[in-house]
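S.K.:
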Amino acid sequence: MSENHTRSVDEPSYLKYKGRYRGIFAWIFSTDHKRIGLLYLWSILTFFIVGAILGLLMKMELISPGKNIMGPQTYNGFFTLHGIIMIFLIVIPGLPAVFGNFFLPIMIGAKDVAFPRLNLTSWWLYLLGAFVVLTSQFTGGGPPDTGWTFYAPYSFQTPTNMLPAVTGAFILGFSSILTGLNFIVTIHRMRAPGMGWFKMPLFPWSLYATGWIQVIATPIVGVTLLMIIAERVLNIGFFNPALGGDPILYQHLFWIYSHPAVYIMILPAMGAISEIIPTFARKTIFGYKAIIVSTIAIAFVGYFVWGHHMFTSGMSGVALYTFSILTFLVAIPSAIKVFNWVSTMHKASIILKTPFYWAVSFIFVFMIGGFSGLVLGALATNVHLHDTHFVVAHFHFIVFGGTGFAFLGAMHYWFPKIFGRKYDAGWANIGWITFFIGFITLYVPMFYLGIAGMPRRYYDYVEVFHGGNIISSFGSIILIAGIAIVIANLVKSAISGEKADQNPWGGRTLEWEVPSPPPLENFDEIPHVTRGPYDYS
Amino acid sequence: MENNGKHHIVPYKTHITVLLGLIVLTALSVAVTSIELGPLTVTVALVLASAKALIVLIYFMHLKFDNIIYSIMVAFIIFSIVSIIVITFLDYLFR
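Sequences listed follow chains A and B, in order.
For the first sequence, the working numbering gives the first residue as 26, with consecutive numbering after it.
For the second sequence, the working numbering gives the first residue as 446, with consecutive numbering after it.
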């Protein structure tokens, strides 16, 4: 996509570069955006394994009625920790922190992000926040049992150890804000000459929209968490009805952030899919500008739909109708993207490789997640389905299905660039199909269970729900096997895989014009961009 | 600041005027609490606080002297926050 291909073949790669520090210090004190991206990758992978094991154990508890491997209090602690880890430590930083850090500067033709030290600070804050969150498990009154939403009034009444969990989430928020701010400034100030806004690839565009959500929405949850701390420590009464407070106010404040947070997770996922599909379809992406507009529309409208988490909370009728209408509106830009991806594939000479499998399965699971979201966005059906397993299935299809499939698609797509090695395609495909089958077997029965009336967050259930739970628990074992195959294959290939070419997929964006793995500052000289990002003509 | 590539220097006189303005508005927001305004109490406090924030943004934070894009960004953020508050009140006013 640039006029002069800028190769730095003589320079050592970012993996081998020797700076001021040696050993592990060369990584944890590095301000290189690529090393920071990998620091996030390893941190997120570690937490993901913990979160996934917690999920597996919960499914094992639910494999039959009655107490199997844990009691109710342990189960409550498990789903709270599972939620906190998966949401705050994995999917919110997820794609922006790993692939955004690694590829944003390269894709816009820059040598690093605008504030490299701030970038490293973000990772340290992430670690500090994670540490504080996890101390809640081992200190004070025992693991928190409120769920990751910390709903008032229970969150300031429970004797469990809430303060570290909430304080940790507060610190993690700062990490997110700093990353978002860094990306916004980088995109505004550091695009290569010739790269106008409408010559920028779609992954950076999605990071731009995400950055704004991180900067504007995250402070609101920061304030809300501080209010919970003040409530517990000082007994002020923001949310306590006995003191004139309003518990629904907490739900408003929490979801004003936490709904846009869903878009922090999904927008970069959509951005990664928008990179993978044109590369393997060998075609310019259909409706480039429509995808950009829909990205911004999702980010913007996504701010105003938080109330659909609260349809049964006792909100006013006017608020109910408004949030329901707004929720249906946000489906439109999401659908625009899906139509654009499908149109890109239409009549294309598609090359079937592992990243493409992840991308199309992303579209499949995202569609199921999206449509089930409309079922929950409708006021009448919501009353029946609220707080049932249907909701759990829906958000796992969106958050795990959407973000997870896109994350692993992006991982397989950019793996040769990140590590300079190829992975074993056979095992990668086996990992993908096992993961996919496990995912569907795990979560589809939950839709049925929810419609049949099984509530979420219960460690036990009546006999009538047994069949669906057996299938679902069995699915969790297949899914874990799929995850294990994918991770083992990628880790082994990163260490001893065959050397990869500079551009193994024939991609057209700037990251494929630098060596694999890239040198320290990516480019010898900043490229001059002369054409659009998906020019396959 | 960016328009001419130099740092814009705000004269002391402007800074002092802004400071005095902020002090007057603070005194006003304290004084107004002695008047019984009923449900309007919060509105008045918010209007005064917003006026102070605006002065700080325009002069102390240099929005007036910077590229227009920064003013647009700030306006967009304020619009988003105001929209969120308005939508929240669709619950409280009609409950």
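All residues carry an ideal CB built from backbone N, CA and C; glycine is no exception.
#1: Go through its chain and collect everything with a Cβ distance to Asn29/A's Cβ below 6 Å, but skip five positions before and after it.
#2: Which class does Ser231/A belong to by DSSP, given the choice of helix, strand or coil?
#3: Can a CB atom of chain A be found closer than 7 Å to the CB of Thr533/B?
#4: In chain A, which residues lie less than 7 Å from Ile522/B when you measure between Cβ atoms?
#5: Can you have a look at Tyr486/A and say buried or exposed, based on whether 16 or more other CB atoms are within 10 angstroms of its CB?
#6: Can you tell me where the alpha helix (DSSP H) holding Asp536/B begins and where it ends?
#7: What are the residues in the stretch 317 to 347 of chain A lying within 7 Å of chain B by C-beta distance?
#8: Count the other CB atoms within 10 Å of the CB of Thr462/B; is the residue buried (16 or more) or exposed (fewer)?
#9: Out of curiosity, what's the CA-to-CA distance linking Arg481/A and Lys524/A?
#10: In whole angstroms, give me the CA-to-CA distance for Met85/A and Ala234/A.
#11: Kindly say whether Ile281/A, judged by its beta-carbon, lies nearer than 7 Å to any beta-carbon of chain B.
#12: With distances taken between CB atoms, is the gap from Phe175/A to Glu256/A smaller than 7 Å?
#13: Determine the contact status of Ala306/A and Ile375/A, defining contact as a CB-CB distance below 7 Å.
#14: Do you know whose CA, among Ala431/A, Ile281/A and Ala177/A, lies nearest Ile532/B's CA?
#15: With 16 as the cutoff for other CB atoms within 10 Å, does Arg214/A come out buried or exposed?
#16: Comparing C-alpha positions only, which one of Ser200/A, Ser319/A and Ala509/A sits nearest to Ser359/A?
#17: For Ile202/A versus Val240/A, is the C-beta distance shorter than 7 Å?
#18: Suppose contacts are defined by Cβ-Cβ distances below 7 Å. Is Met132/A in contact with Pro226/A by that definition?
#19: Just the Cα atoms here: how many angstroms apart are Gln527/A and Ile196/A?
#20: For His277/A, decide whether its Cβ has a neighbour in chain B, counting only Cβ atoms nearer than 7 Å.
#21: Using three-state DSSP, classify Thr462/B as helix, strand or coil.
#22: Between Ser495/B and chain A, is any beta-carbon pair separated by less than 7 Å?
#23: To the nearest angstrom, how far is the alpha carbon of Leu292/A from that of Pro542/A?
#24: Using a Cβ-Cβ distance cut-off of 7 Å, determine whether Ser516/B contacts chain A.
#25: Should Ile512/A be counted as a contact of the ligand HEM given a C-beta to heavy atom distance under 6 Å?
#26: By the 10 Å Cβ neighbour count, where 16 or more other Cβ atoms means buried, how is Pro558/A classified, buried or exposed?
#27: Which residue marks the beginning of the alpha helix (DSSP H) containing Thr192/A, and which one marks its end?
#28: Taking only three categories from DSSP, how would you classify Ser33/A?
#29: Rounded to whole angstroms, what is the Cα-Cα separation between Leu63/A and Ala431/A?
#30: Sort Leu474/A, Leu535/A, Trp67/A and Gln98/A by Cα distance to Gly166/A and report the nearest one.
#31: Please report how far the alpha carbon of Val116/A lies from the alpha carbon of Asp549/A, in whole angstroms.
#32: How should Gly247/A be labelled, buried or exposed, when 16 other C-beta atoms within 10 angstroms of its C-beta is the threshold for buried?
#33: How is the alpha helix (DSSP H) around Pro272/A delimited, first residue to last?
#34: So is Pro184/A buried or exposed if we call it buried at 16+ other beta carbons inside 10 Å?
#35: Closer than 7 Å, Cβ to Cβ, to anything on chain A: give me those residues from the stretch 467 to 480 of chain B, in chain order.
M.R.: The relevant details are as follows:
#1: Within the first sequence, the letter at position 4 stands for residue 29/A. Only weak support exists for where Asn29/A lies, its pLDDT of 49 falling under 50; the coordinates are left without a value.
#2: As a first step, residue 231/A is located in the first sequence; it is residue number 206 there, counting from the start. Helix, per DSSP.
#3: Mapped onto the second sequence, residue 533/B falls at position 88. Output row for Thr533/B: interface = yes.
#4: Within the second sequence, residue 522/B is the residue found at index 77, counting from 1. Simply Ile241.
#5: Taking the first residue of the first sequence as position 1, residue 486/A is located at position 461. Counting C-beta atoms within 10 angstroms of its own C-beta, Tyr486/A has 16 or more neighbours from the protein chains shown and is therefore classed as buried.
#6: Stepping through the second sequence from its first residue, residue 536/B is reached at position 91. Ile513 to Tyr537 is the span of the alpha helix (DSSP H), which, as asked, contains Asp536/B.
#7: Tyr328, Phe329, Met340, Ser341, Gly342, Val343, Ala344 and Thr347
#8: Numbered from 1 along the second sequence, position 17 holds the residue referred to as residue 462/B. So Thr462/B ends up on the exposed side.
#9: For the purposes of this step, residue 481/A is identified with residue 456 of the first sequence, where counting begins at 1. For the purposes of this step, residue 524/A is identified with residue 499 of the first sequence, where counting begins at 1. If you take the alpha carbons of Arg481/A and Lys524/A, they lie about 47 Å apart.
#10: In the first sequence, the residue the question calls residue 85/A occupies position 60. In the first sequence, the residue the question calls residue 234/A occupies position 209. Their backbone Cα atoms lie some 39 Å apart in a straight line.
#11: The residue given as residue 281/A occupies position 256 in the first sequence. For Ile281/A, the answer is yes, since a Cβ of chain B falls inside 7 Å of its Cβ.
#12: Numbered from 1 along the first sequence, position 150 holds the residue referred to as residue 175/A. Numbered from 1 along the first sequence, position 231 holds the residue referred to as residue 256/A. No, they are not a contact pair.
#13: On the first sequence, residue 306/A is found 281 positions in, with the first residue counted as 1. On the first sequence, residue 375/A is found 350 positions in, with the first residue counted as 1. Yes.
#14: As a position in the second sequence, residue 532/B is number 87, starting the count at 1. Comparing Cα-Cα distances from Ile532/B to each of Ala431/A, Ile281/A and Ala177/A, the minimum goes to Ile281/A.
#15: Your numbering for residue 214/A matches position 189 in the first sequence. Result: exposed.
#16: Taking the first sequence and counting its residues from 1, the one referred to as residue 359/A is at position 334. Scanning Ser200/A, Ser319/A and Ala509/A for the CA closest to the CA of Ser359/A turns up Ser319/A.
#17: Taking the first sequence and counting its residues from 1, one reaches residue 202/A at position 177. Taking the first sequence and counting its residues from 1, one reaches residue 240/A at position 215. Contact flag set, yes.
#18: Counted from its first residue, the first sequence places residue 132/A at position 107. Counted from its first residue, the first sequence places residue 226/A at position 201. Their beta carbons are under 7 Å apart, which means Met132/A touches Pro226/A by this criterion.
#19: Indexing the first sequence from 1 puts residue 527/A at position 502. Indexing the first sequence from 1 puts residue 196/A at position 171. When rounded, the distance between both Cα atoms is 39 Å.
#20: Looking up residue 277/A in the first sequence gives position 252. Yes - at least one Cβ of chain B is within 7 Å of the one on His277/A.
#21: In the second sequence, the residue the question calls residue 462/B occupies position 17. Looking at Thr462/B - three-state DSSP - the assignment turns out to be helix.
#22: Numbered from its first residue, the second sequence carries residue 495/B at position 50. Cβ-Cβ to chain A under 7 Å: no for Ser495/B.
#23: As a working mapping, residue 292/A is identified with position 267 in the first sequence. As a working mapping, residue 542/A is identified with position 517 in the first sequence. Whole-angstrom Cα-Cα distance: 26 Å.
#24: Residue numbering aside, residue 516/B sits at position 71 when the second sequence is read from its first letter. No, no contact with chain A.
#25: Absence of the ligand HEM is noted for the structure shown, with no ligands found whatsoever.
#26: Looking up residue 558/A in the first sequence gives position 533. By the neighbour-count rule (16 or more Cβ atoms within 10 Å), Pro558/A is buried.
#27: For the purposes of this step, residue 192/A is taken as the residue at position 167 of the first sequence. Segment Met187 to Arg214, the alpha helix (DSSP H) holding Thr192/A.
#28: Position 8 of the first sequence, counted from the first residue, corresponds to residue 33/A. Its pLDDT being 48, under 50, Ser33/A is placed unreliably in this model, and the coordinates cannot settle the point.
#29: Translated into the one-based positions of the first sequence, residue 63/A becomes position 38. Translated into the one-based positions of the first sequence, residue 431/A becomes position 406. The straight-line gap from Cα to Cα measures roughly 17 Å.
#30: For this step, residue 166/A is matched to residue 141 along the first sequence. Answer by Cα proximity: Gln98/A.
#31: Along the first sequence, one-based indexing puts residue 116/A at 91. Along the first sequence, one-based indexing puts residue 549/A at 524. Their Cα atoms are separated by approximately 34 Å.
#32: As a position in the first sequence, residue 247/A is number 222, starting the count at 1. With 16 or more Cβ atoms within 10 Å of its Cβ, Gly247/A is classed as buried.
#33: Residue 272/A sits at position 247 when you count from the first residue of the first sequence. Here the alpha helix (DSSP H) through Pro272/A covers Pro272 to Ala306.
#34: The residue you call residue 184/A lines up with position 159 of the first sequence. Under this definition Pro184/A is an exposed residue.
#35: none
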